[in-house]
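>
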């Protein structure tokens with residue numbers, strides 16, 4: 018199946034206890050596109066960048082098989098830029114700079130070559146923009162995956178709820194699930210979110226793993242315990258990208274496939290955090306992924322005989 | 018194998034958002050003894066209670082096959098009493114009352130009938146008391162399991178370190194592991210704690226599950242996602258009790274057996290939190306345990322084919 022990705026293609030400047038970067042390649046759609054290319058899945062990105070965005074980065078994505086026809090270049094504009102500094106525990110960070118730039122007036126355009134995508138992954142953006150993409154698809158995709166965050170719950174709840182209603186799979190973190198549902202218990206939160214639309218609810222818990230809820234069934238995975246997290250930037254996007262790419266590769270959207278897809282997403286995200294930005298994700302091979310998925314298997318497999 | 022348990026047998030008065038209790042049966046050793054009886058494992062408790070402790074509770078433990086010869090009754094003394102109030106999220110609580118009472122001068126005595134126990138589980142107590150128990154055993158047990166907490170790291174670190182040195186399996190929570198090791202990364206923390214003595218390090222993460230570390234290998238389990246936690250009191254003790262009892266039942270102390278034991282401990286703890294105090298633990302059967310272990314299997318099993 019073909020995967021259509023909508024999200025930011027951007028610049029990040031990152032500081033962690035281990036070092037800092039200048040402006041480097043970032044953005045949700047970038048991580049997701051790279052994840053798709055690791056999985057050898059056909060994908061296309063719909064986004065917008067400024068005249069300052071390097072052609073080499075666009076070529077890199079294109080060379081990896083990502084369709085970039087949907088990345089609009091606004092010559093006189095500047096690319097979205099985020100800069101942040103992580104605290105010593107790497108679980109919290111301060112945003113130093115957010116320059117929305119060309120993303121301010123982003124009017125997504127879906128190229129004809131991507132109109133037949135079966136899976137639509139809406140990366141974290143204004144829910145109004147996410148909704149407009151869905152409306153611009155000539156044929157409703159088989160699966161709509163939505164990534165969102167508390168910022169939109171605070172600032173654009175009504176339109177977010179409209180978007181959630183049309184979503185098949187929603188991925189949010191535990192605090193956001195609690196905020197969206199008004200329930201502290203994640204089991205109850207997932208039930209309420211099911212009622213808002215999504216048949217599948219994925220709750221991300223960072224270093225504590227993730228939960229998948231569907232029709233009263235639950236699947237839980239731990240995160241791979243890492244000796245060192247070097248840079249968490251893009252981990253959530255990589256997770257979503259790995260997840261969606263596995264479904265696309267398998268051409269299946271069952272609960273069983275989604276369980277495996279959660280593992281693939283987590284395995285891939287565990288690479289992303291090993292180096293700055295997209296660096297590690299650009300290096301890894303299918304063999305690397307195989308090995309890490311085996312580690313997940315070892316991490317979680319047990320035999321009880323009582 | 019036979020399991021020797023050292024720890025408090027006590028009264029608790031608990032308040033949660035769902036209600037409150039008068040003085041009810043509590044104490045680490047009580048939960049652990051009950052866990053052993055659910056698993057049909059021979060166990061004995063070494064503890065001390067006051068003249069106010071009901072004979073009916075001692076009879077209940079004895080009737081369930083727990084050897085109570087090691088529970089000293091100080092007629093003129095009062096039983097340890099703890100009272101606490103949980104906050105709405107049930108993850109945090111305020112201690113309202115702690116009356117140490119007869120536990121203040123606890124001088125553990127191991128009955129002859131328990132000197133041959135192969136597994137020694139040292140429930141959360143002053144590390145000096147824990148150490149004295151080990152010294153009073155005529156034969157070193159095959160496995161020493163230590164439960165401890167940050168309170169002893171703050172107030173009795175030197176003697177705690179002596180105790181840790183003689184420990185095979187240590188169970189602590191994530192914050193305590195970080196405090197004990199001075200490492201934020203739990204993988205690094207476990208490595209440092211290995212160097213202090215224990216070959217097996219169990220890090221409890223409450224609603225996020227638990228990790229087991231041994232010789233560079235890691236096993237991770239999620240907690241069973243529950244719709245409602247009614248009363249978390251005793252969950253950690255039940256976990257330790259279920260864990261140790263499974264090892265005793267299997268007569269095995271390998272990494273593989275411990276993985277299964279972690280599941281058994283978690284499954285049992287997930288019952289404890291469903292009602293106040295020991296109530297639910299006193300009700301459950303081997304069939305209940307079987308069903309919940311199957312739920313864990315469903316919760317964590319996946320097949321990835323990339």
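Protein chains in written order, with the working numbering: chain A, 18 to 323; chain B, 18 to 323. Backbone N, C-alpha and C define an ideal beta-carbon position, used for all residues, glycine too. Bear in mind that the values here come from a model prediction, so they are computed numbers and not experimental data.
Look at the alpha carbon of residue 137 (chain B) and the alpha carbon of residue 253 (chain B), and state the distance between them as a whole number of angstroms.
Approximately 17 Å between the Cα atoms of the pair.
> Is the CB of residue 289 (chain B) under 8 Å away from at least one CB in chain A?
No, no contact with chain A.
> Run through the DSSP bridge pairs and tell me what residue 231 (chain A) is partnered with.
Note: residue 231 (chain A) sits in a beta bridge opposite A:217 and A:234.
> So, under 8 Å CB-CB, residue 56 (chain B) and residue 268 (chain B) are touching, yes? Tell me the CB distance rounded to an integer number of Å.
Incorrect: roughly 13 Å between the Cβ atoms, too far for contact.
> Please classify residue 36 (chain A): is it buried, with 16 or more other beta-carbons within 10 angstroms of its beta-carbon, or exposed?
Exposed, by the Cβ-count rule.
> So which of A:161, A:281, A:296 and A:243 has the shortest CA-CA distance to residue 314 (chain A)?
Considering only alpha carbons, the answer is A:281.
> Please report how far the alpha carbon of residue 46 (chain B) lies from the alpha carbon of residue 304 (chain B), in whole angstroms.
The alpha-carbon atoms of residue 46 (chain B) and residue 304 (chain B) are separated by roughly 24 Å.
> What does DSSP give as the partner residues of residue 60 (chain B) in its beta bridges?
Bridge partners of residue 60 (chain B): B:20 and B:83.
> Taking the straight line between their C-alpha atoms, what separation do you get for residue 163 (chain B) and residue 322 (chain A)?
Their Cα atoms are separated by approximately 25 Å.
> Tell me which residue opens and which closes the beta strand (DSSP E) that residue 345 (chain A) is part of.
Nothing can be reported for residue 345 (chain A): it is not among the residues displayed for chain A, which extend from 18 to 323.
> Rounding to the nearest angstrom, what Cα-Cα distance links residue 62 (chain B) and residue 199 (chain B) in this structure?
Going by the C-alpha atoms only, they are around 34 Å apart.
> Could you tell me which whole beta strand (DSSP E) segments of length 3 or greater appear in the stretch 21-55 of chain B?
List check, beta strand (DSSP E) in window: 27-33 and 41-43.
> Name the residues in the stretch 273-300 of chain B whose C-beta lies less than 8 Å from a C-beta of chain A; which are they?
For the stretch 273-300 of chain B, which is checked against every Cβ of chain A, the residues closer than 8 Å are 273, 276, 277, 279, 280 and 281.
> I'd like the list of long-range same chain contacts for residue 220 (chain B), defined as Cβ closer than 6 Å, with 5 residues on each side in sequence excluded.
So the list reads 191, 194, 203 and 228, once near-sequence residues are dropped.
> Can you find a CB in chain A that lies within less than 8 Å of the CB of residue 160 (chain B)?
Taking Cβ atoms only, chain A never reaches closer than 8 Å to residue 160 (chain B), which makes this a no.
> Select from the stretch 181-210 of chain A all residues with a C-beta closer than 9 Å to any C-beta belonging to chain B, and list them in chain order.
Under the 9 Å Cβ criterion, the stretch 181-210 of chain A contributes 201, 202, 203, 204, 205, 207 and 208.
> Between the C-alpha atoms of residue 216 (chain A) and residue 311 (chain B), what's the straight-line distance to the nearest angstrom?
Roughly 24 Å between the two C-alpha positions.
> Going along the chain, which residues of the stretch 128-146 of chain A sit with their C-beta nearer than 8 Å to a C-beta in chain B?
Per Cβ criterion, the list is empty.
> From residue 42 (chain A) to residue 301 (chain A), what does the alpha carbon distance come to, in whole angstroms?
Each residue's Cα considered, the two are about 17 Å apart.
> Between which residues of its own chain and residue 99 (chain A) is the CB-CB distance below 6 Å, once the five residues before and five after are set aside?
Excluding residues within five positions, the ones whose Cβ falls inside 6 Å are 29 and 115.
> Short of 7 Å in beta carbon distance, which residues of its chain neighbour residue 54 (chain A), apart from the five on each side in sequence? Order them along the chain.
If we look at residue 54 (chain A) and ignore the five residues flanking it on each side, its Cβ neighbours are 81, 82 and 83.
> Leaving out five residues on either side along the sequence, give the residues of the same chain with a beta carbon under 7 Å from the beta carbon of residue 237 (chain B).
Excluding residues within five positions, the ones whose Cβ falls inside 7 Å are 226 and 228.
> Taking a contact to mean a Cβ-Cβ separation below 8 Å, would you say residue 11 (chain B) touches residue 234 (chain B) in this structure?
Given that chain B is displayed from residue 18 to residue 323, the structure contains no residue 11 (chain B) and the question cannot be resolved.
> DSSP on residue 127 (chain B), reduced to helix/strand/coil?
Three-state result, residue 127 (chain B): coil.
> Inspect the beta-carbon positions of residue 118 (chain A) and residue 24 (chain A) and report whether they are closer than 8 Å.
No, Cβ-Cβ distance for residue 118 (chain A) and residue 24 (chain A) is not below 8 Å.
> Are the Cβ atoms of residue 158 (chain B) and residue 179 (chain B) separated by less than 8 Å?
For residue 158 (chain B) and residue 179 (chain B), no; Cβs fall outside 8 Å.
> Please report how far the alpha carbon of residue 66 (chain A) lies from the alpha carbon of residue 262 (chain A), in whole angstroms.
Each residue's Cα considered, the two are about 24 Å apart.
> How long is the line joining the alpha carbons of residue 49 (chain A) and residue 257 (chain A), rounded to whole angstroms?
Roughly 7 Å between the two C-alpha positions.
> Check whether the Cβ atoms of residue 87 (chain A) and residue 128 (chain A) lie closer than 8 Å to each other.
Yes, Cβ-Cβ distance for residue 87 (chain A) and residue 128 (chain A) is below 8 Å.
> Output needed in chain order: residues of the stretch 222-254 of chain B with a Cβ under 9 Å from some Cβ in chain A.
Hits within the stretch, in order: 222, 224, 225, 226, 228, 230, 234, 235, 236, 237, 238, 239, 240, 241, 242, 243, 244, 245 and 246.
> For residue 309 (chain B), count neighbouring Cβ atoms within 10 angstroms of its own Cβ and tell me buried if that reaches 16, exposed if not.
Burial call: buried.
> For residue 317 (chain B), return the contacting residues in chain A, with the cut-off set at a CB-CB distance below 7 Å.
The answer, in chain order, is 237 and 317.
> Starting from residue 115 (chain B), trace the beta strand (DSSP E) in both directions and tell me its first and last residue.
Looking at the DSSP string, the run of the beta strand (DSSP E) that includes residue 115 (chain B) is 110-116.
> Could you check whether residue 241 (chain A) and residue 287 (chain A) sit closer than 8 Å to each other, using their CB atoms as the reference points?
For residue 287 (chain A) and residue 241 (chain A), yes; Cβs fall inside 8 Å.
> On the DSSP letters alone, give me the boundaries of the beta strand (DSSP E) that residue 89 (chain B) sits inside.
Looking at the DSSP string, the run of the beta strand (DSSP E) that includes residue 89 (chain B) is 88-91.
> Would you say residue 52 (chain B) and residue 264 (chain B) are within 8 Å of each other, going by their C-beta atoms?
No.
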